[in-house]
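Going left to right, the sequence shown walks through residues 1 to 326 as UniProt numbering numbers them. Idealized CB from N, CA, C, for every residue including glycine. Note that the structure is predicted; figures quoted are calculated from it, not measured.
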Amino acid sequence: MYAITIPEPGGPEKLVWQEVPDPVPGEGEVLIDVVASAVNRADLMQRQGFYDPPPGASPYPGLECAGRIAALGPGVTGWAVGDEVCALLAGGGYGEKVAVPAGQVLPVPEGVGLKQAAALPEVTCTVWSNVFMVAHLRPDETLLVHGGSSGIGTMAIQLAKALGAKVAVTAGSKEKLDFCRDLGADVLVNYREQDFVEEVRGATDGAGADVILDNMGAKYLDRNVMALAANGRLAIIGMQGGTKGELNIGALLNKRGAVTATSLRARPVSEKAAIVAAVREHVWPLIAAGKVRPIVDREIPMRDAATAHQVLEESGHIGKVLLTLE
Numbered sequence: 001m002y003a004i005t006i007p008e009p010g011g012p013e014k015l016v017w018q019e020v021p022d023p024v025p026g027e028g029e030v031l032i033d034v035v036a037s038a039v040n041r042a043d044l045m046q047r048q049g050f051y052d053p054p055p056g057a058s059p060y061p062g063l064e065c066a067g068r069i070a071a072l073g074p075g076v077t078g079w080a081v082g083d084e085v086c087a088l089l090a091g092g093g094y095g096e097k098v099a100v101p102a103g104q105v106l107p108v109p110e111g112v113g114l115k116q117a118a119a120l121p122e123v124t125c126t127v128w129s130n131v132f133m134v135a136h137l138r139p140d141e142t143l144l145v146h147g148g149s150s151g152i153g154t155m156a157i158q159l160a161k162a163l164g165a166k167v168a169v170t171a172g173s174k175e176k177l178d179f180c181r182d183l184g185a186d187v188l189v190n191y192r193e194q195d196f197v198e199e200v201r202g203a204t205d206g207a208g209a210d211v212i213l214d215n216m217g218a219k220y221l222d223r224n225v226m227a228l229a230a231n232g233r234l235a236i237i238g239m240q241g242g243t244k245g246e247l248n249i250g251a252l253l254n255k256r257g258a259v260t261a262t263s264l265r266a267r268p269v270s271e272k273a274a275i276v277a278a279v280r281e282h283v284w285p286l287i288a289a290g291k292v293r294p295i296v297d298r299e300i301p302m303r304d305a306a307t308a309h310q311v312l313e314e315s316g317h318i319g320k321v322l323l324t325l326e
């Protein structure tokens with residue numbers, strides 16, 4: 001098969017489309033003929049040499065895909081060759097075939113095309129696991145989402161609104177904020193011009209955000225704690241603003257707050273399977289009902305993955321950038 005490889009770390013030009021050995025499904029795995037994958041920030045970090053795949057995972061980038069099941073490994077039940085699916089991966093999505101544990105495979109949800117389904121696994125699993133399984137966002141609470149126009153952000157807005165929460169977002173342009181508003185966001189903060197702490201407090205009668213979904217890390221740590229409501233929960237899922245910050249423990253104690261930091265890629269297969277099962281139970285019906293949908297900015301041929309990485313680095317996109325093979 002052909003796949004995007006990274007012979008040496010560096011810029012987007014280091015991504016190479018070349019022939020590699022076909023993957024073989026092992027015990028409990030399925031083999032998928034990939035139709036589309038999607039680009040995530042983690043892929044950019046892997047390309048730069050900062051985020052190696054976990055042991056045993058495919059060396060090729062790509063944390064999600066959509067396609068058709070080509071073969072079943074030993075012990076797999078519940079799936080058949082030819083089924084149209086999407087999947088959460090530990091790597092390998094930037095290729096024509098990928099092997100994945102069966103517990104990380106999802107049917108293509110009703111009302112979504114096969115290629116567009118590639119935009120769903122990573123964002124739905126990230127948002128559901130962090131915002132609902134860990135931070136326990138409840139109806140009538142306020143969620144603050146940093147990077148509201150990103151793939152993660154657009155999914156977080158939709159899920160939180162569908163389940164009855166108030167949503168505040170940060171983004172860097174009027175176009176992006178307008179898009180977030182159209183998805184249901186209640187509070188729009190241009191981080192280039194406004195202080196999100198003041199804006200969120202002002203929109204909540206001084207209370208603050210009950211849950212914050214943060215992709216920035218160190219740069220926003222202090223202000224995120226300031227923006228938390230009493231008993232607030234800060235869920236950190238990214239490090240775009242650095243890895244080391246100063247935590248005001250006194251402020252956190254006064255708010256009886258909590259800070260968690262999670263990633264999906266390195267979790268054990270059993271934990272990923274539990275998250276995928278929860279997404280299938282809770283999120284897939286919302287998609288089928290038309291309350292939640294994948295947001296796709298553009299489709300780019302997989303062999304041109306370098307162009308897709310440039311798009312993400314320039315941050316002009318809204319939603320997901322797909323890599324397609326059909």
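The alpha-carbon separation between N40 and G242 amounts to approximately 17 Å.
Buried is the label assigned to G232, since at least 16 other Cβ atoms lie within 10 Å of its Cβ. For the pair A90 and R265, the CB atoms are nearer than the 7 Å cut-off. Apart from the 5 residues on each side of it in sequence, A289 has no Cβ closer than 7 Å to any other Cβ in its chain. The DSSP-derived three-state label of R256 is coil. Burial state of T204 is buried, judged by a 10 Å Cβ sphere holding 16 or more other Cβ atoms. The continuous alpha helix (DSSP H) containing S270 extends over residues 269–282. Annotation for I295: no alpha helix (DSSP H) segment contains it, and DSSP assigns it neither H nor E.
Within the stretch 157–224, complete beta strand (DSSP E) segments of at least 3 residues are found at 166–171, 187–190, 209–214, given in chain order. By the neighbour-count criterion, in which a residue is buried when 16 or more other Cβ atoms sit within 10 angstroms of its Cβ, A66 is buried. A straight line joining the alpha-carbon of K97 with that of L114 spans about 15 Å. About 14 Å separates the CB atoms of V35 and V100; that is not less than 8 Å, and the two are not in contact. Under the DSSP assignment, V39 falls outside any alpha helix (DSSP H); it carries neither an H nor an E label.
With contacts defined by Cβ atoms closer than 7 Å, A168 and V197 do not form a contacting pair.
Here T154 is buried: its Cβ has 16 or more other Cβ atoms, across all protein chains shown, within 10 Å. By a beta-carbon distance limit of 8 Å, W128 does not contact A102. Their separation comes to about 19 Å. Taking a cut-off of 8 Å for Cβ pairs, the stretch 212–226 and the stretch 238–252 touch, as three or more such pairs fall below it.
Put simply, the backbone Cα of D210 is about 11 Å away from that of A235. Within the stretch 92–163, the complete alpha helix (DSSP H) runs of at least 4 residues fall at 121–127, 151–162.
The Cβ-Cβ distance between L323 and A306 does not fall below 7 Å.
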